[in-house]
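Novice: Per the working numbering, residue 2 is the first one in the sequence shown, and the count goes up by one each step.
Glycine included, C-beta positions come from ideal geometry on N, C-alpha and C.
One structure, as structure tokens, below. Some questions next.
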Amino acid sequence: MNRLITYLFLIFSCIAFSQEDSLQFKIGNIQNKIKLSEGADKLYLLDSLAELIRFKIKYEYDTIVKETVDYAFEMDSIPLGLKHTRNYIYYLVNKVGKTDEAIRFYNAFLKRKIDTTHFSKSNQKAYARLQLVIGDAYYFSGKINGSIPFYETAERFSLKAKDTFRYLLAKDYKSTSYGDIGDYVSASKSYKEIAELARKRKDSFRVASARSGLATIYSRMGFFDEAEILREENIDFYESVHEYDAERGHKRLIAVYSNASIDAEKKGDHQTRIKLLDKALKHMDEPGVNKIQRPLPIYGLTRAYAEIGDIPKAKYYFNEMETKYKIQKPIPYHSQYMEASVIYYIAIEDFINARIAAEKALKLFETAKAVDGIFETKEKLAEIYKELGEIGKSYTYYEEANKLRDSVQSVQKSNALSYYQTLYETEKRDATIDNQKSEIALLDAQNEIKKYWLLFGGLGLLALFSIIYLTRSQKFAVTKQKLQEQFSQDLINEQEKERTRLSRELHDSVGQKLMLLSKQTKNLGHANMENLADTTLEEIRSISRGLHPSNLERLGLSEAINALVYNINANTDLFFTEELDNIDNVLSKEAELHLYRIIQETLSNIVKHADAKAVKMNINKTKYAVEVLVSDNGKGFDFETKFKSMSLGLKTLFERAKILDAQMNLESKVNKGTIMTLNIPI
Numbered sequence: 002m003n004r005l006i007t008y009l010f011l012i013f014s015c016i017a018f019s020q021e022d023s024l025q026f027k028i029g030n031i032q033n034k035i036k037l038s039e040g041a042d043k044l045y046l047l048d049s050l051a052e053l054i055r056f057k058i059k060y061e062y063d064t065i066v067k068e069t070v071d072y073a074f075e076m077d078s079i080p081l082g083l084k085h086t087r088n089y090i091y092y093l094v095n096k097v098g099k100t101d102e103a104i105r106f107y108n109a110f111l112k113r114k115i116d117t118t119h120f121s122k123s124n125q126k127a128y129a130r131l132q133l134v135i136g137d138a139y140y141f142s143g144k145i146n147g148s149i150p151f152y153e154t155a156e157r158f159s160l161k162a163k164d165t166f167r168y169l170l171a172k173d174y175k176s177t178s179y180g181d182i183g184d185y186v187s188a189s190k191s192y193k194e195i196a197e198l199a200r201k202r203k204d205s206f207r208v209a210s211a212r213s214g215l216a217t218i219y220s221r222m223g224f225f226d227e228a229e230i231l232r233e234e235n236i237d238f239y240e241s242v243h244e245y246d247a248e249r250g251h252k253r254l255i256a257v258y259s260n261a262s263i264d265a266e267k268k269g270d271h272q273t274r275i276k277l278l279d280k281a282l283k284h285m286d287e288p289g290v291n292k293i294q295r296p297l298p299i300y301g302l303t304r305a306y307a308e309i310g311d312i313p314k315a316k317y318y319f320n321e322m323e324t325k326y327k328i329q330k331p332i333p334y335h336s337q338y339m340e341a342s343v344i345y346y347i348a349i350e351d352f353i354n355a356r357i358a359a360e361k362a363l364k365l366f367e368t369a370k371a372v373d374g375i376f377e378t379k380e381k382l383a384e385i386y387k388e389l390g391e392i393g394k395s396y397t398y399y400e401e402a403n404k405l406r407d408s409v410q411s412v413q414k415s416n417a418l419s420y421y422q423t424l425y426e427t428e429k430r431d432a433t434i435d436n437q438k439s440e441i442a443l444l445d446a447q448n449e450i451k452k453y454w455l456l457f458g459g460l461g462l463l464a465l466f467s468i469i470y471l472t473r474s475q476k477f478a479v480t481k482q483k484l485q486e487q488f489s490q491d492l493i494n495e496q497e498k499e500r501t502r503l504s505r506e507l508h509d510s511v512g513q514k515l516m517l518l519s520k521q522t523k524n525l526g527h528a529n530m531e532n533l534a535d536t537t538l539e540e541i542r543s544i545s546r547g548l549h550p551s552n553l554e555r556l557g558l559s560e561a562i563n564a565l566v567y568n569i570n571a572n573t574d575l576f577f578t579e580e581l582d583n584i585d586n587v588l589s590k591e592a593e594l595h596l597y598r599i600i601q602e603t604l605s606n607i608v609k610h611a612d613a614k615a616v617k618m619n620i621n622k623t624k625y626a627v628e629v630l631v632s633d634n635g636k637g638f639d640f641e642t643k644f645k646s647m648s649l650g651l652k653t654l655f656e657r658a659k660i661l662d663a664q665m666n667l668e669s670k671v672n673k674g675t676i677m678t679l680n681i682p683i
């Protein structure tokens, strides 16, 4: 048996050496002919040699392809010059990673001043391909803004050449660049255009690819629900096609599952995250699927099980990490490997190894300038050093992590608000332009008809035009109002999220520090300082409770409203009568918060402005609705006058009611009190 194996090895070795000798012989033969040739014959031979050794470094591909490019343009052979310029830039960018050298080579190409205005269709295609690879050179060198003009040029020349495939590819790359520089409006608009065109071409894979890109944009802005809808559509699609297109189906499913698991992790939904990673791993292990990305779901499952405290399963995947991937040089996806190790070691309370792994992970993330990875690792280091008893280092990393987290969240919220605002302005502008175009078209039509029917139909046409114009104006006004309402509601939701964040920061960060200060001053015997620290701590807690009603999460909606009424009753001269049904778990968590805020604002207005002696409050739960009534016997107000100059507080009340899809009524008369009713459909 061993002799047979040795014999087969010798045969295959001879074949390999024979093929190598044959290639070397061909190269030498062509090179000899090149030395003896001129003109078109020499160009043909150079082209053949460059193609024969394409991307093969040991056969001096660099030198040969540069000579071929120079001679092609010298012979005014634009097609060959464009082809080999594109091939060499592709080689520099994708094979050897020399993006700066690729950009320098392209700048030298520009000095040739090639006239592109009269390109044939084949030259337009070749030029579009060249623009794509130089765009990639800028993108992968980190000059993402610089890549966009090249992708746009590739779009333009692909369109001229009627090369729809490359046109969509260029548009896809441009969309990715827009997303990476934070221009989410342009990115999402571009992805939607890709999807629309791909649908017309019945290119389902390209539609799915555009959906995936759009989901990534939504995820970056924190719109995880919107991203989840798109990813689920892609999962359904790829699961339906992988039966007959296994290679593409498995590959795309793996990517969708992996991206969706990251979103689930950000939302804190670890069960869904684990299911998605399991599915990604299952498809990764299918026969014929490239295993290069297999470590990623293994690392992800190690982290996920460690984070939920399932140590046996975490250990199972951690052992696979150690036995299969730690021994590889370099370790595949090294930063993710170290990140998973950190979380596993923390879970098993091995804080020495956790510290070593975390410090290695931090260096890797800092080298890659991965902000999310940096601040998450610094948070872990703060936790690790605390467990190791090194409070100073723990506090330092805690502060640094907080600053980074605030920065990331601030940018994310800013991008989200900018996205909505820009989208709103764009839609408003487009609606205005459409309206103007309609008006111009109608005016032109009117003028044409007037030439022939001025005496007979002028008055009738004018009346018709007026009706159409008024109808369109009214429609535009309704559309504008809806956009404004949506924008206001989005701002209220963002405000609540920001209040929640600030409340937690005040409680967890400032509150913790003040508590520590209070204890230290007590130990030192500084009575005045201790009293000041305690008073300040209570004020911070009061502000925190005002920003976000913690009772709502701890006690439920009904008890939170009861506590609110009790607090006002205890601290004011108001006489309360209330009948409050239990409405816990009737509404969504978001709706509960908005209802609580409406009641809180209404009672606050009574305390501040009504001069009332008594307040009546009823909350009734019926089969189809929650009915709220709050009335007082205060001084009231002239509702019609108040409505014309409605305060921000009242506007917010009505906007919150719209978010709840509720009917809200406010009745008030001078010296006869005020009644607020709210009907929320279940």
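Exposed or buried, which one is Gly635 when buried takes at least 16 other CB atoms within 10 Å?
Specialist: Buried, since its Cβ has 16 or more Cβ neighbours within 10 Å.
Novice: Please report the Cβ distance between Asp582 and Lys614, rounded to the nearest whole angstrom; I am assuming they are in contact, meaning their Cβ atoms lie under 8 Å.
Specialist: Rounded, the Cβ-Cβ distance is 26 Å, inconsistent with contact.
Novice: Distance check for Lys99 and Leu93, CA to CA, integer angstroms please.
Specialist: Approximately 5 Å, taken between the alpha carbons.
Novice: Return the chain-ordered list of same chain residues with a C-beta closer than 8 Å to the C-beta of Ala663, the five sequence neighbours on each side being excluded.
Specialist: Once the five neighbours on either side are set aside, the close Cβ partners of Ala663 are Leu679, Asn680, Ile681, Pro682.
Novice: CB-CB under 6 Å to Ala1, same chain, minus the five flanking residues each way: which ones, in chain order?
Specialist: The question about residue 1 has no answer here: the residues shown for the chain are numbered 2 through 683.
Novice: For Lys112 and Phe106, what's the separation of their Cα atoms in angstroms?
Specialist: Looking at the two C-alpha atoms, the distance is approximately 10 Å.
Novice: For Asn606, is the classification buried or exposed, using 16 other Cβ atoms within 10 angstroms of its Cβ as the cut-off for buried?
Specialist: The residue is buried, with at least 16 neighbouring Cβ atoms inside 10 Å.
Novice: Please classify Thr303 as buried or exposed, where buried requires at least 16 neighbouring CB atoms within 10 angstroms.
Specialist: It is buried - the Cβ of Thr303 has at least 16 other Cβ atoms within 10 Å.
Novice: What are the start and end residues of the alpha helix (DSSP H) that includes Phe151?
Specialist: It spans 145 to 161 - the alpha helix (DSSP H) in which Phe151 sits, taken as one unbroken run.
Novice: Could you check which residue in Ala188, Ala211, Asn570 has the C-alpha nearest to that of Ala199?
Specialist: The candidate whose alpha carbon is nearest that of Ala199 is Ala211.
Novice: Closest to Met339 by C-alpha separation, out of Met322, Lys175, Glu350, would be which residue?
Specialist: Cα-wise, what sits closest to Met339 is Met322.
Novice: Using the Cα positions of Gly674 and Asp612, report the straight-line distance between them to the nearest angstrom.
Specialist: Their backbone Cα atoms lie some 9 Å apart in a straight line.
Novice: Along the chain, where does the alpha helix (DSSP H) that runs through Ile676 open and close?
Specialist: Taken as a continuous stretch (DSSP letters only), Ile676 belongs to no alpha helix (DSSP H), being part of the beta strand (DSSP E) at 675 to 682.
Novice: If I measure Cβ to Cβ from Ser205 and keep anything under 7 Å in the same chain, skipping five residues before and after, which residues do I get?
Specialist: Counting only Cβ-Cβ distances below 7 Å, and skipping sequence neighbours, we find Phe238.
Novice: Given this structure, state the Cα-to-Cα distance separating Val372 from Leu588, to the nearest angstrom.
Specialist: If I take the Cα positions, the gap works out to 37 Å.
Novice: Where does Thr273 fall in DSSP's three states?
Specialist: Looking at Thr273 - three-state DSSP - the assignment turns out to be helix.
Novice: From the beta carbon of Leu667, is the nearest beta carbon of chain D less than 7 Å away?
Specialist: Among the chains in the structure shown there is no chain D, since it carries only a single protein chain.
Novice: Report the CB separation of Ala358 from Tyr346 in whole angstroms; it is logged as a contact under 8 Å.
Specialist: Their Cβ separation, rounded to whole angstroms, is 6 Å, which keeps Ala358 and Tyr346 in contact under 8 Å.
Novice: In the DSSP assignment, the beta strand (DSSP E) including Ser142 goes from what residue to what residue?
Specialist: Where Ser142 is concerned, there is no enclosing beta strand (DSSP E), given that its DSSP letter is neither H nor E.
Novice: I want to know whether the segment 135 to 143 touches the segment 119 to 126 - three or more CB-CB distances under 8 Å.
Specialist: The answer is no - the segment 119 to 126 does not touch the segment 135 to 143, with fewer than three Cβ pairs under 8 Å.
Novice: Within a Cβ cutoff of 6 Å, which residues of the same chain sit near Pro298, ignoring the five residues on either side of it in sequence?
Specialist: Excluding sequence neighbours, Pro298 sits near Leu278, Ala281, Leu282.
Novice: Are Ile149 and Lys175 closer than 7 Å when you measure CB to CB?
Specialist: Yes; because the gap between Cβ atoms is below 7 Å, this pair is in contact.
Novice: If you follow the alpha helix (DSSP H) that Ile65 is in, where does it begin and where does it stop?
Specialist: First-last of the alpha helix (DSSP H) with Ile65: 62 to 75.
Novice: What residue does the beta strand (DSSP E) around Phe577 start on, and which one ends it?
Specialist: Note, Phe577: beta strand (DSSP E), 576 to 581.
Novice: Let me know if Glu39 comes out buried or exposed under the rule of 16 or more other beta-carbons within 10 Å of its beta-carbon.
Specialist: Glu39 should be labelled exposed.
Novice: Using the C-alpha atoms, what's the distance from Leu53 back to Ala103?
Specialist: Answer to the nearest angstrom: the Cα atoms are 21 Å apart.
Novice: Expressed to the nearest angstrom, what Euclidean distance is found between the alpha-carbon atoms of Ser632 and Ser669?
Specialist: Their backbone Cα atoms lie some 10 Å apart in a straight line.
Novice: According to DSSP, which residues form a beta bridge with Asn621?
Specialist: Paired residues: Glu628.
Novice: How about Ala127 and Lys84: are their beta carbons less than 7 Å apart?
Specialist: Result yes, Cβ atoms of Ala127 and Lys84 sit closer than 7 Å.
Novice: One question on the structure: do Tyr396 and Lys379 come within less than 7 Å of each other, judged by their Cβ atoms?
Specialist: In this structure, Lys379 does not lie closer than 7 Å to Tyr396 by Cβ.
Novice: With 16 as the cutoff for other CB atoms within 10 Å, does Asp286 come out buried or exposed?
Specialist: Classification of Asp286: exposed, given that the 10 Å Cβ count is below 16.
Novice: Can you give the Cα-Cα distance for Phe224 and Lys659, rounded to whole angstroms?
Specialist: Roughly 21 Å between the two C-alpha positions.
Novice: Considering only DSSP beta bridges, list what Ile666 is partnered with.
Specialist: Reading off the sequence, residue 666 comes out as Asn, not Ile. Answer is Thr678.
Novice: Helix, strand or coil for Val97? Go by DSSP, reduced to three states.
Specialist: In the structure shown, Val97 sits in coil (DSSP, three-state: anything other than H, G, I, E or B).
Novice: List the DSSP bridge partners of Ala615.
Specialist: In DSSP, Ala615 forms a bridge with Phe576.
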